[in-house]
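With the sequence shown counted from 1, adding 3 to any position gets you this note's numbering.
Even for Gly, the Cβ is constructed at its ideal location relative to N, Cα and C.
As the structure is a computational prediction, the values presented were derived from the model and not from experiment.
Just below is one structure, and these are the notes that go with it.
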Amino acid sequence: MPNYALLVEYDGTHFNGWQKQKNLPTVQSSIESALDIILRKNPASRLSVAGRTDTGVHALGMVCNFKTRDPIPNFHKLLVSLNSLTQSGVSVKNVIEVPPEFHARFSCTGREYIYKLYYSKYESSFVEGRAFWVKSHIDWDKVERQLQVLVGEKDFRSLTKAKSMSGKRAVREIFSIQLEKITPEWYQIRIRANGFMHNMVRITVGTLLDIGKGRWESRSIDSILEEKNRTKAGVTLPPDGLYFVRAYYEDHPEIHELYKIPLP
Numbered sequence: 004m005p006n007y008a009l010l011v012e013y014d015g016t017h018f019n020g021w022q023k024q025k026n027l028p029t030v031q032s033s034i035e036s037a038l039d040i041i042l043r044k045n046p047a048s049r050l051s052v053a054g055r056t057d058t059g060v061h062a063l064g065m066v067c068n069f070k071t072r073d074p075i076p077n078f079h080k081l082l083v084s085l086n087s088l089t090q091s092g093v094s095v096k097n098v099i100e101v102p103p104e105f106h107a108r109f110s111c112t113g114r115e116y117i118y119k120l121y122y123s124k125y126e127s128s129f130v131e132g133r134a135f136w137v138k139s140h141i142d143w144d145k146v147e148r149q150l151q152v153l154v155g156e157k158d159f160r161s162l163t164k165a166k167s168m169s170g171k172r173a174v175r176e177i178f179s180i181q182l183e184k185i186t187p188e189w190y191q192i193r194i195r196a197n198g199f200m201h202n203m204v205r206i207t208v209g210t211l212l213d214i215g216k217g218r219w220e221s222r223s224i225d226s227i228l229e230e231k232n233r234t235k236a237g238v239t240l241p242p243d244g245l246y247f248v249r250a251y252y253e254d255h256p257e258i259h260e261l262y263k264i265p266l267p
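Given below as structure tokens:
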């Protein structure tokens with residue numbers, strides 16, 4: 004069966020997350036409904052996805068894949084049809100054929116997110132649903148000094164939702180994490196890992212901000228990780244500022260082509 008990968012962008016404020024849920028608007032439901040119409044004579048399998056994002060979380064470059072009975076002859080026509088039939092807030096940016104064994108979730112070797120932060124005393128028209136407004140003074144140098152402690156293979160039980168981790172393994176490998184200053188008011192934290200647990204990025208960034216605010220005198224990321232206790236870490240930030248940026252596939256270099264969005 005032919006196998007196809009889609010590059011998808013979406014505004015999470017419109018959806019109850021990625022995963023299909025009965026009687027709720029989700030990204031998966033929107034794309035699959037469109038595919039059912041477009042490929043009614045050439046049935047498609049259900050979508051597999053690199054990251055099943057929660058309600059309110061956005062994506063700039065999500066990868067998903069599906070299989071069909073017969074080859075799809077015209078990718079341009081498929082993209083035009085998908086973008087006309089999916090709900091507002093979803094854009095399908097590109098499509099390529101991939102090897103039969105490619106699976107958007109299980110073939111994925113790395114996932115990258117950013118969390119956007121607006122740092123100002125005064126409100127911005129571009130924050131609601133798009134970023135987290137940081138109203139307190141932050142020692143950004145102090146935040147930056149904590150970042151390298153997070154890099155490597157570690158037990159991140161302290162930095163994930165406690166209920167979701169009952170009896171589960173909490174070891175993940177963070178490949179890189181950076182604090183990026185875009186303007187004096189806009190910052191983002193970029194993090195890439197082999198995988199993330201529930202709310203892991205939102206809790207990690209919330210904890211870094213708490214450290215930068217001076218919430219704790221002696222507590223650091225290192226000591227928080229050693230505790231292996233969610234209650235010792237910082238707040239869970241809202242989903243508004245979280246964006247899935249890119250999925251990585253070491254054994255599938257063809258996915259680089261998927262991220263080369265066609266130009267006019």
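Residue range of the beta strand (DSSP E) that includes Phe78: No beta strand (DSSP E) contains Phe78, which is instead part of the alpha helix (DSSP H) from 78-88.
Host beta strand (DSSP E) of Ala47 (start-end): For Ala47, no beta strand (DSSP E) segment is defined, and its DSSP state is neither H nor E.
First through last residue of the alpha helix (DSSP H) which encompasses Asp144: Here the alpha helix (DSSP H) through Asp144 covers 143-153.
For Ile34, three-class secondary structure by DSSP: In this structure, Ile34 counts as helix in the three-state DSSP scheme.
Nearest neighbour of Ile75, chosen from Asn232, Ser32, Tyr246, Met4 [CA to CA]: Ile75 has its Cα closest to that of Met4, out of Asn232, Ser32, Tyr246, Met4.
Environment of Lys119 [buried if 16+ CB atoms lie within 10 Å]: buried
Pair within 8 Å by beta-carbon distance, Gln191 and Ile117: yes
Coil, strand or helix - Glu260 by DSSP: helix
Distance CB(Ala134)-CB(Leu88) smaller than 8 Å: no
Segments assigned beta strand (DSSP E), at least 3 residues, entirely inside the region 90-120: Annotation: the region 90-120 contains the following complete segments of the beta strand (DSSP E) (minimum length 3 residues), in chain order: 93-101.
Whole-angstrom distance between Val130 and Trp219, CA atom to CA atom: 27 Å
Residue span of the alpha helix (DSSP H) that contains Arg205, given as start and end: 203-216
Check whether Val101 and His255 have beta carbons under 8 Å apart: yes
Proximity winner among Leu42, Val66, Met65, relative to Arg72 (alpha-carbon distances): Leu42
C-alpha gap between Phe105 and Asn68, whole angstroms: 8 Å
Of the listed residues Asn197, Asp158, Pro267, nearest to Lys231 (C-alpha basis): Asp158
Delimiting residues of the alpha helix (DSSP H) encompassing Ser226: 224-230
Extent of the continuous beta strand (DSSP E) to which Phe69 belongs: 61-70
8 Å Cβ cutoff met for Ala250 and Ala53: Here Ala250 is near Ala53, since their CB atoms are less than 8 Å apart.
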